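First comes the structure, then the notes that go with it.
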Amino acid sequence: MSPIATLLHILDLEQLDTNLWRGVSPDSSRYRVFGGQVIAQSLVAAMRSVENRPVHSLHGYFMLGGDPTRPILYEVDRIRDGRSFTTRRVRAIQNGESIFAMMASFQSPEDGLHHAMPMPDVPPPESLPDEEEIRARFVPHLTEIRQRYWKSQRAIELRPTSPDAYFLRNPGPPYQNVWFRASGMLPDGDDLHSTILAYASDMTLLDGAAVAHGRSVIDPEIQAASLDHAIWFHDRFRADDWLLYAQDSPWSGASRGLGRGLIYTRDGRLVASVMQEGLMRLRKSGPGPD
22 MSPIATLLHI LDLEQLDTNL WRGVSPDSSR YRVFGGQVIA QSLVAAMRSV
72 ENRPVHSLHG YFMLGGDPTR PILYEVDRIR DGRSFTTRRV RAIQNGESIF
122 AMMASFQSPE DGLHHAMPMP DVPPPESLPD EEEIRARFVP HLTEIRQRYW
172 KSQRAIELRP TSPDAYFLRN PGPPYQNVWF RASGMLPDGD DLHSTILAYA
222 SDMTLLDGAA VAHGRSVIDP EIQAASLDHA IWFHDRFRAD DWLLYAQDSP
272 WSGASRGLGR GLIYTRDGRL VASVMQEGLM RLRKSGPGPD
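Take the sequence shown: its letter number 215 is residue 236 in the working numbering, and every next letter is one higher.
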């Protein structure tokens, strides 16, 4: 099964009861469940309790790392069904404990005043190294753990607009731009494409805080984890077309980093905004705090 087919499979949650769904993880060899997977599966559970209203925002908090060898239960609380907005709360549960909690809001389509920040002027994705070129050119110079990450086959294809800065990790300004898309064609459906974007939104955002220090969050000397995550969906898009993830980090400190991201279509439409705070702790010998 291809990586994108595997992702679509794990996003097709099993319904156990009216407000209860079950999801699985694709790779039991990971030491914890990827945060983007939990966000996306939580969003699927919320969407399946809503009719004819697209999601416009979600806000989630991570409490515990998920165990990839065990299924995750998603419990939906139907908080409100209003005339224009629908509100849902989702709790992701393993071993009887909450590992993630999310609020999501859905809105009936409306017209209104409109403006958007312009897309940065960056090289198009076709001019940048693809993942095969990245593996040949950059991966041999990376740490072992980062080599494993880039050698793996993934459902989301990434193309940094400044590959030298992205991979060499010399300290620099706290921003980066990354093109991304699903690694295969997707079925139609706005809900599905929003869910794929939610999954991908957790892949590189915290690295924007680490790059200012010449680091990557997958470096072995850094203990990193998503703490909270928020997405605002602005406009329609396809997640199997190239999307630009323009990221910056206004602050890091206290073993945490803050990342912001604006997501654009190729034609410059701003379709989503993302914010995340994550753990970015330098490892010390011996056990540390939870």
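For every residue, glycine included, the Cβ atom is placed at its ideal position computed from N, Cα and C. Computed from a predicted structure; not experimentally measured.
- D269 sits away from P184, with the two beta carbons spaced by 9 Å or more.
- Exclusion of the five residues before and after E178 leaves D151, E152, F201, R202, A203 and S204 as the residues of its chain whose Cβ lies within less than 8 Å of its Cβ.
- Boundaries for L163: no beta strand (DSSP E) harbours it, and the DSSP string shows neither H nor E there.
- Secondary structure of R202 (DSSP, three-state): strand.
- One alpha carbon belongs to L149, the other to V143, and they sit about 10 Å apart.
- Counting only the Cα atoms, M123 lies some 10 Å from E96.
- Excluding sequence positions up to five before and after D256, its CB lies within less than 6 Å of the CB of R290 and V292, all in the same chain and listed in chain order.
- With contacts defined by Cβ atoms closer than 9 Å, I60 and G81 form a contacting pair.
- The continuous alpha helix (DSSP H) containing Y220 extends over residues D211 to A221.
- Under the DSSP assignment, S173 falls outside any alpha helix (DSSP H); it carries neither an H nor an E label.
- When secondary structure is reduced to three states using DSSP, L300 falls in the strand class.
- The C-alpha of L265 is placed about 16 Å away from the C-alpha of W253.
- The C-alpha of F188 is placed about 20 Å away from the C-alpha of R302.
- R51 and G133 have their C-alpha atoms spaced approximately 45 Å apart.
- Ranked by how close their Cα comes to the Cα of A26, the residues I93, R175 and Q128 have R175 in first place.
- The alpha-carbon separation between A275 and D102 amounts to approximately 40 Å.
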